[in-house]
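S.K.: So that we are looking at the same thing, I have put the structure below in structure tokens.
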Ligand code: UGA
């Protein structure tokens, strides 16, 4: 089967490489010549476990090109895997999807199935099909099918090959059969991925409803965590206790500093936008968005509550990416907290194992702001980042951070004060050190309280 994939971001590239792995010839199309050259050399432009190995292993079946006409003209299946970023009003920006649709219409020389893998508002597949069929050469017929992806960054290759499900949404039986054939190696041994065929709108909805439900779970547990803080309960035990009920499940119940990344923030807003537009507002999703907005900066508020004047204080920030295992900084809570710290005049010492260079670019606009008196310096090791710091904020649960020796905080900081946004450490371990420690939805461990008590008793 001749397959072309439009877009070589997380979705497009991982899909293309996975399809090559199961035996298809795949042409990956992108406009970025520099990136194409990198990929032609077998190098992945994104940090994703296992991807580069598969690119190398399947190089005979993978072509990278900017010549979309050649790639699309006689393809059996064209997969659209371009971004659908958020517009200012929260709706999804479909410019890239329709840009590719235009190129497909211009190029096709035979009938073809076009697959929309990008996350798009319900009804978009209908519009894409209408648009391509109205603009393609006479006599050519295109069927458009929705085939959402469910891959998470950091585990993208595994999530594609060992997917939880493959959803194919199309009203056309022939297109459905072609896509079933394309995915056949994945629905059989050893992968055995379940395949669900639905109509197009249901498939589009499955994607949004799934992501928004996961986001809801996170916002819910974050609110419960904040209440645990106020009431003296332990959110970890609460999550565990809830998760033992198989109807609830134990996944995505880790309290923290809110969800980030390129998916949940935009997908919750886009579905909420659509629901308001249709007069059926999703109030649960609205609440989920509001909770997340506030949760993103909960660590800064905890810090500010303890250190009223942050001007000139040295604050170490550990972890910059929105989650571990990825170099992606989109909607990372670190950005919002660092903005507030800079505004407050703090001097930040930032550590991340892989994304320092991209973070520098991301935050540069803030440092150019005349009103900002704070500074930021970067470190590629935790020791130097926390050295002489007045407080530490843990933003990402990288293994390097989770496994960092607690005695070092005691040893290297001015006065070990840690705000852990990812509950990286066990409270029982913290208790062995002279550290003040605040996490999310768990008891505050203060090193000063026992000392003061001691003095009082003396
Ligand atoms: C998410 C979904 O998990 C994928 O299924 C989906 O295909 C993808 O979006 C997409 O639409 O493309 P991703 O954004 O890569 O994947 O990352 P997640 O692992 O879901 O994490 C998202 C955010 O939620 C992170 O900031 C993470 O720290 C946070 N999170 C996750 C929590 O705060 N608590 C949890 O228990 C789980």
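Residue numbers (our numbering): 9 to 466. Note that CB positions come from ideal geometry on N, CA and C, so glycine has one too. Source: prediction; values computed, not measured.
Please tell me whether residue 198 has its Cβ less than 9 Å away from any Cβ of chain C.
M.R.: This model lacks chain C altogether, as it is built from one protein chain only.
S.K.: The ligand UGA and residue 296: does the residue's C-beta get closer than 8 Å to at least one heavy atom of that ligand?
M.R.: No, the beta carbon of residue 296 sits no closer than 8 Å to any heavy atom of the ligand UGA.
S.K.: Please name the residue in 247, 264, 417 and 266 whose C-alpha comes closest to that of residue 257.
M.R.: It is 247 whose Cα lies nearest to the Cα of residue 257.
S.K.: Which of the three DSSP states is assigned to residue 465 in this structure?
M.R.: Residue confidence is low: residue 465 scores 44 on pLDDT, short of 50, so the model does not pin down where it sits. Its coordinate-derived value is still stated next. Helix at residue 465.
S.K.: CA-CA distance, residue 94 and residue 440?
M.R.: About 46 Å.
S.K.: Going residue by residue through the stretch 273 to 324, where are the continuous alpha helix (DSSP H) segments of at least 4 residues, counting only ones entirely within it?
M.R.: The qualifying runs are 291 to 303 and 306 to 314.
S.K.: Considering only their Cβ atoms, is the gap separating residue 126 from residue 281 smaller than 9 Å?
M.R.: No, Cβ-Cβ distance for residue 281 and residue 126 is not below 9 Å.
S.K.: Sorry if obvious, but does the Cβ on residue 219 come closer than 8 Å to a heavy atom of the ligand UGA?
M.R.: True, at least one ligand heavy atom lies under 8 Å from that Cβ.
S.K.: Is the separation between the beta-carbon of residue 326 and that of residue 424 shorter than 9 Å?
M.R.: No.
S.K.: So which of 63, 112, 314 and 153 has the shortest CA-CA distance to residue 204?
M.R.: Closest by alpha carbon: 153.
S.K.: Could you spell out the range, first to last residue, of the beta strand (DSSP E) harbouring residue 86?
M.R.: Residue 86 -> beta strand (DSSP E) spans 85 to 88.
S.K.: Three-state secondary structure (DSSP) at residue 445?
M.R.: In the structure shown, residue 445 sits in a strand (DSSP, three-state: E or B).
S.K.: Mind checking which residues open and close the beta strand (DSSP E) that includes residue 428?
M.R.: Segment 425 to 428, the beta strand (DSSP E) holding residue 428.
S.K.: How should residue 23 be labelled, buried or exposed, when 16 other C-beta atoms within 10 angstroms of its C-beta is the threshold for buried?
M.R.: Burial call: buried.
S.K.: Should residue 367 be listed as close to the ligand UGA, given that the test is whether its C-beta is under 8 Å from any heavy atom?
M.R.: Flag unset: Cβ of residue 367 not near the ligand UGA.
S.K.: Please report how far the alpha carbon of residue 46 lies from the alpha carbon of residue 16, in whole angstroms.
M.R.: The alpha-carbon atoms of residue 46 and residue 16 are separated by roughly 12 Å.
S.K.: Is residue 355 helix, strand or coil when you go by DSSP?
M.R.: Strand, per DSSP.
S.K.: Between the alpha carbons of residue 310 and residue 252, how many angstroms are there, rounded?
M.R.: One C-alpha to the other measures close to 31 Å.
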